[in-house]
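Residue numbers (this note's numbering), protein chains in the order written: chain D, 134 to 370; chain U, 5 to 222. Here's the structure we're looking at; comments come further down.
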């Protein structure tokens with residue numbers, strides 16, 4: 134007599150669930166391109182508006198590139214986060230996702246990785262654009278830049294994914310997402326701006342860059358742990 | 005109201021009447037003269053501003069874990085006190101800074117993280133007001149991030165270069181400066197407890213009224 138196949142160990146089940154949620158989001162996005170194109174267009178528009186406003190006689194304001202880059206990413210991420218969950222709500226798939234026999238934190242991590250992937254794709258276009266428009270030496274230390282960009286994006290997306298998921302059934306969610314998100318992620322954005330600005334100095338002090346990078350890693354750990362626990366609790370109804 | 009409320013309210017009122025006398029009698033500071041004396045109200049309100057989001061965050065964590073409405077009410081009341089004491093801190097601080105530093109505001113770690121904590125308090129209240137049904141759990145999630153900011157506010161002066169005095173100032177105060185300070189701290193703590201009690205009582209009454217409406221409709 135043969136019984137049911139043995140359940141996979143919980144670690145690999147978790148990773149598989151994360152992968153399935155991530156693959157679903159990426160497949161939907163690759164087919165529609167809705168969030169990627171709108172987010173990218175919005176972020177590029179932001180950067181261009183800043184360039185029109187601030188670049189005078191071919192000269193960009195000193196140290197302005199880092200701030201403008203992260204403001205554009207923050208605004209664009211709000212758009213991506215809101216739309217990412219609005220899609221689940223309209224298609225009534227959020228309930229199905231929550232009813233699926235997978236750990237709730239796996240759904241959160243899958244969604245988070247999807248948002249991070251989208252934002253990284255947008256940043257791949259934004260970084261050269263900002264470097265070009267503001268004559269900023271962004272790529273002088275590419276590995277440090279990649280570290281700052283990745284950790285800042287994860288910090289921003291970890292809180293954003295949680296809040297967007299929480300607000301999906303709330304009244305006036307479009308208005309509330311930036312109201313809740315911006316105060317909480319201000320420390321992450323400050324660290325991202327300062328770390329990026331340190332990389333733009335004529336003589337780069339890598340100790341300063343390392344300090345901001347470590348702070349970003351700390352924020353990421355605290356925010357992801359808090360969000361994992363909160364997601365389970367607030368999405369239980 | 006609990007039996008202790010009226011005597012505590014009278015005591016709190018008396019303490020706030022007496023505190024200016026004690027502050028006036030405290031010696032002037034060597035460098036800043038009498039300007040530093042706003043510190044006797046600034047620091048206690050700042051401590052309450054740190055206590056309130058901690059109460060809000062811990063109560064919210066209990067609410068998310070156990071789902072009991074009294075935890076949610078406590079969190080809501082504490083969020084309002086975060087905004088109130090945050091406003092006092094952010095008004096008294098710049099008044100002192102204008103004379104001591106020559107500027108109303110600097111974007112250092114302590115001031116920025118305090119402003120962020122105050123904004124998270126506002127975000128919590130806006131969500132409660134406009135979030136509609138289910139906003140209690142959502143706000144509890146926000147409150148956890150507000151509480152996580154508190155240790156950052158506290159240690160920020162010790163890890164970043166800033167002109168804000170570090171946390172080591174208080175234990176080193178001479179007795180004639182320390183006595184008025186601790187007097188004011190207890191006055192503010194009492195005020196915190198009284199406001200919290202009043203606010204909780206209001207929420208309990210509101211919940212009872214809602215239950216009566218529902219019972220009447222049925």
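A virtual CB, placed ideally from N, CA and C, is assigned to each residue, including glycine.
Taking the continuous alpha helix (DSSP H) assigned at residue 327 of chain D, which residues delimit it? For the purposes of this step, residue 327 of chain D is taken as the residue at position 194 of the first chain. Run containing residue 327 of chain D: 306–332, per the alpha helix (DSSP H) assignment.
Assigned secondary structure, residue 157 of chain D (DSSP; H/G/I helix, E/B strand, else coil): Position 24 of the first chain holds residue 157 of chain D. Residue 157 of chain D falls in the helix class under three-state DSSP.
Between the region 251–281 of chain D and chain U, which residues of the former have a C-beta closer than 9 Å to a C-beta of the latter? none
Taking CB distances under 8 Å as the criterion, tell me whether residue 329 of chain D reaches chain U. To locate residue 329 of chain D, count along the first chain from 1; it is residue 196. Closer than 8 Å: no.
Between the alpha carbons of residue 175 of chain U and residue 186 of chain U, how many angstroms are there, rounded? Residue 175 of chain U sits at position 171 when you count from the first residue of the second chain. Residue 186 of chain U sits at position 182 when you count from the first residue of the second chain. Roughly 11 Å between the two C-alpha positions.
Are the CB atoms of residue 201 of chain U and residue 9 of chain U nearer to each other than 8 Å? Your numbering for residue 201 of chain U matches position 197 in the second chain. Your numbering for residue 9 of chain U matches position 5 in the second chain. Yes, the Cβ-Cβ distance between residue 201 of chain U and residue 9 of chain U is below 8 Å.
Distance, residue 29 of chain U Cα to residue 40 of chain U Cα: Numbered from 1 along the second chain, position 36 holds the residue referred to as residue 40 of chain U. Numbered from 1 along the second chain, position 25 holds the residue referred to as residue 29 of chain U. The straight-line gap separating the alpha-carbon atoms of residue 40 of chain U and residue 29 of chain U is approximately 13 Å.
Secondary structure of residue 7 of chain U, DSSP reduced to three states: The residue labelled residue 7 of chain U in the question sits at position 3 within the second chain. Coil.
Rounded to the nearest angstrom, what separates residue 194 of chain U and residue 13 of chain U at their Cα positions? As a working mapping, residue 194 of chain U is identified with position 190 in the second chain. As a working mapping, residue 13 of chain U is identified with position 9 in the second chain. Rounded to the nearest whole angstrom, the CA to CA distance from residue 194 of chain U to residue 13 of chain U is 8 Å.
Just the Cα atoms here: how many angstroms apart are residue 218 of chain D and residue 293 of chain D? Along the first chain, read from residue 1 onward, the residue named residue 218 of chain D stands at position 85. Along the first chain, read from residue 1 onward, the residue named residue 293 of chain D stands at position 160. For residue 218 of chain D and residue 293 of chain D, the gap between their C-alpha atoms comes out near 11 Å.
Between residue 357 of chain D and chain U, is any beta-carbon pair separated by less than 8 Å? Walking along the first chain from the start, residue 357 of chain D turns up at place 224. No - not a single Cβ of chain U is within 8 Å of the one on residue 357 of chain D.
Could you give the DSSP three-state label for residue 3 of chain U: helix, strand or coil? Only positions 5 to 222 of chain U appear in the structure, and residue 3 of chain U is not among them; the question remains open.
Out of curiosity, what's the CA-to-CA distance linking residue 36 of chain U and residue 25 of chain U? Translated into positions along the second chain, residue 36 of chain U becomes position 32. Translated into positions along the second chain, residue 25 of chain U becomes position 21. Computed Cα separation, rounded: 20 Å.
Measuring only between beta-carbons, confirm whether residue 366 of chain D sits less than 8 Å from chain U. Counted from its first residue, the first chain places residue 366 of chain D at position 233. Closer than 8 Å: yes.
Three or more C-beta pairs closer than 8 Å, one from the region 147–160 of chain U and one from the region 113–127 of chain U: is that the case here? yes
Compute the Euclidean distance between the alpha carbons of residue 223 of chain D and residue 298 of chain D, then round it to the nearest angstrom. The residue you call residue 223 of chain D lines up with position 90 of the first chain. The residue you call residue 298 of chain D lines up with position 165 of the first chain. Taking the straight line joining both Cα atoms gives about 13 Å.
If I measure Cβ to Cβ from residue 145 of chain U and keep anything under 8 Å in the same chain, skipping five residues before and after, which residues do I get? The residue you call residue 145 of chain U lines up with position 141 of the second chain. Same-chain partners within the cutoff: 64 and 68.
Is the separation between the beta-carbon of residue 87 of chain D and that of residue 279 of chain D shorter than 8 Å? Residue 87 of chain D is absent from the structure shown; chain D starts at 134 and stops at 370.
Against residue 124 of chain U, what residues of chain D qualify as contacts under a CB-to-CB distance less than 8 Å, listed in chain order? Locating residue 124 of chain U in the second chain gives position 120, where the first residue counts as 1. Those within 8 Å of residue 124 of chain U in chain D are 316 and 317.
Rounded C-alpha distance that separates residue 182 of chain U from residue 49 of chain U: Here residue 182 of chain U corresponds to residue number 178 of the second chain, with the count starting at 1. Here residue 49 of chain U corresponds to residue number 45 of the second chain, with the count starting at 1. Going by C-alpha positions, residue 182 of chain U is about 16 Å away from residue 49 of chain U.
Any C-beta of chain U under 8 Å from that of residue 295 of chain D: Residue mapping note: residue 295 of chain D aligns to position 162 of the first chain, counting from 1. So yes, residue 295 of chain D belongs to the interface.
By the three-class DSSP mapping on this structure, what secondary structure does residue 134 of chain D have? Here residue 134 of chain D refers to the residue found at position 1 of the first chain. With a pLDDT of only 46 at residue 134 of chain D, under 50, the local geometry of the prediction cannot be trusted, and no value is derived from it.
Taking 7 Å as the cut-off, does the CB of residue 194 of chain U come closer than this to any heavy atom belonging to the ligand FAD? Questions concerning the ligand FAD fall outside what the structure shown contains, since it holds no ligand whatsoever.
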